[in-house]
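Enquirer: My structure is below; once you've seen it, I'll send some questions.
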Amino acid sequence: MKPFLLITTRGEDDVAAHEHAAYCRLTGLLPEELAWIRADRAPIGTIDFVRYSGIILAGSPFTVSEPEDRKSPTERRVERELGALLDDVVRRDFPFLGVCYGVGTIGSHQGARVDRTYGEPSQAVRISLTAAGRTDALLHELPESFDAFVGHKEAISQVPPSITVLANSPTCPVQAFRVGENVYATQFHPELDTAAFTSRVRSYAGHGYFEPSQVDAIIATAEGADVRASHMVLGRFVEEYLDSNRGYREPGAAVAEVARAS
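Here the sequence shown stands for residues 15 to 276, numbered as in my numbering.
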């Protein structure tokens, strides 16, 4: 089988390792079936799309709406490299799922306004599918409403025509979207179960998502949340695109097809 590719940007080794493990667990992929690039450590480089079934971009402490002079050199490099990668991904309509940070990166790539208007503290929220989401190939098997973990400083506040909104929540109007047929993003975290969420909250207590004094209260509330339906996004992504060439576009393929037809 062709593996999937996971791109992460978390600088802490233990957090990054737990993240990769969480994606393996909830996609059902073995570690060797989920190739891993730590973009915080080294350049992303050129991706050979034909090698992979799809690409997953994990969440990040990076935020695209942060003023440029406050971003680290690593964050600016990662943004440039992801922009170049998304040029290819969108042009090819290659299977791609961006989680949390993916909303900012894909959204800004498409000309959305990404700012802090609809940031949400770390918590479980009620996600509702839109009419488009209820018929979407990736999401239609999910319940029309379900709980999921969130925690983000930025979100989309203005949607461009190229983005189809698939889900929202009471405090964030864009919780999931699609570009083309195969490029997706979720603001919520489908890779987090209660244990992983608890670990993430403890690791990011001093990163501005919430007051450190709130850690115990956030964790106590999370323990009562049932977010299992949100995990279906990852399983469906693998199910939909495993070993599939759907959406893959070799450069110049359309021109070659026209030439053959003539």
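We put the beta carbon where it would ideally sit given N, CA and C, even for glycine.
Keep in mind that this is a model prediction, so the values were computed, not measured.
#1: Report yes if the C-beta distance between H32 and S213 is below 9 Å; otherwise report no.
#2: The beta strand (DSSP E) that contains R140, what's its start and end?
#3: If I measure Cβ to Cβ from V188 and keep anything under 6 Å in the same chain, skipping five residues before and after, which residues do I get?
#4: Which full runs of the beta strand (DSSP E) of 3+ residues lie inside the segment 31–65, going along the chain?
#5: If you measure between the beta carbons of V128 and E168, is that distance less than 9 Å?
#6: Skipping 5 residues on each side, what residues in its chain have a beta carbon closer than 6 Å to that of L40?
#7: Measuring alpha carbon to alpha carbon, tell me which of F18, Y66, F163 and E47 ends up nearest D207.
#8: Going by Cα to Cα distance, which pick from R148, A231, V103 and S217 is closest to D62?
#9: Is the distance from the Cβ of G68 to the Cβ of Y218 below 9 Å?
#10: Taking three-plus beta-carbon pairs below 8 Å as touching, is the segment 88–101 in contact with the segment 138–149?
#11: Give me the residue from L152, R148 and G165 with the minimum Cα distance to E158.
#12: Look up A219 in the DSSP assignment and give the residues it is bridged to.
#13: Please list the segments of the alpha helix (DSSP H) lying wholly inside the segment 139–182, counting only runs of 4 or more residues, in order along the chain.
#14: Can you list, in chain order, the residues of its chain with a C-beta nearer than 7 Å to that of F76? Leave out the 5 residues immediately preceding and following it.
#15: Does the separation of the CB atoms of P135 and G112 fall below 9 Å?
Expert: Quick answer:
#1: When the beta-carbon positions are compared, H32 and S213 come within less than 9 Å of each other.
#2: R140 -> beta strand (DSSP E) spans E134 to L143.
#3: For V188, where only same-chain residues beyond five positions count, the Cβ hits under 6 Å are I170 and V179.
#4: The segment 31–65 contains these whole beta strand (DSSP E) runs: 48–52.
#5: Between V128 and E168, the C-beta gap is smaller than 9 Å, which places the two residues in contact.
#6: By the criterion of a C-beta distance shorter than 6 Å, L40 is surrounded in its chain by E205, H245 and L248, once the five residues flanking it on both sides are discounted.
#7: Sorting F18, Y66, F163 and E47 by C-alpha distance to the C-alpha of D207 places F163 at the top.
#8: Of the listed residues, the one whose Cα sits closest to D62 is V103.
#9: Not a contact, by the Cβ cut-off of 9 Å.
#10: The segment 88–101, when compared against the segment 138–149, does not touch it at the 8 Å Cβ threshold.
#11: Nearest in C-alpha terms to E158, of all of L152, R148 and G165, is R148.
#12: The bridge partners DSSP lists for A219 come to none.
#13: Along the segment 139–182, the alpha helix (DSSP H) occurs as fully enclosed runs of 4 or more residues at 145–148, listed in sequence order.
#14: Answer for F76: T23, E89, V92 and Y115, listed in chain order.
#15: 9 Å or more divides the Cβ of P135 from the Cβ of G112.
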